[in-house]
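Our numbering numbers the first residue of the sequence shown as 11 and each following residue consecutively. No residue lacks a Cβ here, since even glycine has one placed at the ideal position from N, Cα and C. Note that this is a predicted model, so its numbers are computed, not measured.
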Amino acid sequence: MVSEGFFANFYDDDTGIRTIGYGHNCNAQDCSNLRPPISQTQAINLLLQDLVQFQTCVHDQVPFVNDNQFAALVSFAFNVGCGNLESSTLLKYVKAREYSAAATEFGKWVRADERVVPALVTRRARERALFLRGFADSLLIIHSSVMTALSDLLSVLLLIVALVSGRNINKAGVALIELSEGFRANFYGDPVGIRTIGYGHNCKAQGCSSIHAPISKSQGEALLHKDLVQFQNCVQSRVPFVTDNQFAALVSFTFNLGCGNLQSSTLLKYVKAKNYSAAAKEFAKWVYAGGHKLPGLVTRRARERALFLKK
11 MVSEGFFANF YDDDTGIRTI GYGHNCNAQD CSNLRPPISQ TQAINLLLQD
61 LVQFQTCVHD QVPFVNDNQF AALVSFAFNV GCGNLESSTL LKYVKAREYS
111 AAATEFGKWV RADERVVPAL VTRRARERAL FLRGFADSLL IIHSSVMTAL
161 SDLLSVLLLI VALVSGRNIN KAGVALIELS EGFRANFYGD PVGIRTIGYG
211 HNCKAQGCSS IHAPISKSQG EALLHKDLVQ FQNCVQSRVP FVTDNQFAAL
261 VSFTFNLGCG NLQSSTLLKY VKAKNYSAAA KEFAKWVYAG GHKLPGLVTR
311 RARERALFLK K
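Written out as structure tokens, the structure is:
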């Protein structure tokens, strides 16, 4: 689990585990009662529930740490697991109250599948910075004369939400999506028969029960920006090092085809390898729907490719 960006629908994480919300792991936590798409409020409630076991894990091992150290260690355990925390040299140093040495250990936990992951480098740096921050200087803690379970919980929650705050698509990307999707004030069936409205708002995936047609362009734009969050997070969690234009092109691609198709694509494989020339050529292969080559997809992929290559 590299990054817990918000996802309204189920997806497979980088290790194939069914996940939703802010990294809610369906292997470890029950998902049978979840009906996607879920709201960010629902996701935060899930996160609060999920954090309990990691708070307990940290508190049982090192109950003497201050609020900032506690929050950093819970974020670390939430990401890598309680077992990894318990067996780590990091925890050994914390138990010995060798905090400088412990802080250095965060930087060693930045690999997944034997490769350094930029998002993990960033996350570990933030956890380290919080771990070393003085108690009185914390901006994440609710101060009180007595540390309460609620203040602990909120501090950790704020840290993790801050760590996974999303990256927004640029104006060029939004314009590309709006041009490619086209605006519809009323409901219609897309090329594969899915009920849709506005700028490609998918009623099957995103829900339309609260939408009353016809809608205005402003309403369509608001729906689009809300819909884009999970696709932005999908791209950011996998290739956080790309430029703004590359990011925008990939978000448009993912918005159109889904996070699952991006995950399994040769396009993403080339982007991860930073072979951008080869990646750009892959856009043109995604122009079919129902076994037919669609002119609209040919045009869209060409626009995405051009934006991807734009400096």
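Hey, residue i and residue j are a contact pair by Cβ (cut 8 angstroms); roughly how many whole angstroms apart?
i, j, result
"R121", "V127", "7 angstroms"
"A259", "L317", "4 angstroms"
"Y209", "F197", "Not a contact, Cβ separation roughly 13 angstroms."
"A81", "L140", "6 angstroms"
"P47", "G217", "6 angstroms"
Would you mind sorting residue i into buried or exposed? The rule is 16 or more other CB atoms within 10 Å of its CB.
i, result
"D60", "buried"
"N78", "buried"
"R310", "buried"
"A312", "exposed"
"L57", "buried"
"D23", "buried"
"L304", "exposed"
"V202", "exposed"
Grouping DSSP H, G and I as helix and E and B as strand, with all else coil, what is residue i?
i, result
"G217", "coil"
"V308", "helix"
"T253", "coil"
"V126", "strand"
"K303", "strand"
"N212", "strand"
"Y32", "coil"
Please work out which residues of its chain come closer than 7 angstroms, Cβ to Cβ, to residue i, disregarding the five sequence neighbours upstream and downstream, and give them in chain order.
i, result
"Q50", "F16"
"A159", "Any reading at A159 must be qualified, since the residue scores a pLDDT of 41, below 50, and its modelled position is unreliable; no value is offered."
"G301", "none"
"T264", "F241, C244, V245 and L272"
"Q256", "F318"
Straight-line CA distance for residue i to residue j?
i, j, result
"S97", "Q242", "34 angstroms"
"K105", "R205", "57 angstroms"
"S220", "N180", "28 angstroms"
"A215", "C269", "12 angstroms"
"I207", "C213", "8 angstroms"
Spatial neighbours of residue i within its chain, please: C-beta separation below 6 angstroms, excluding the five flanking residues on both sides.
i, result
"A53", "F16, G31 and Y32"
"L307", "V297"
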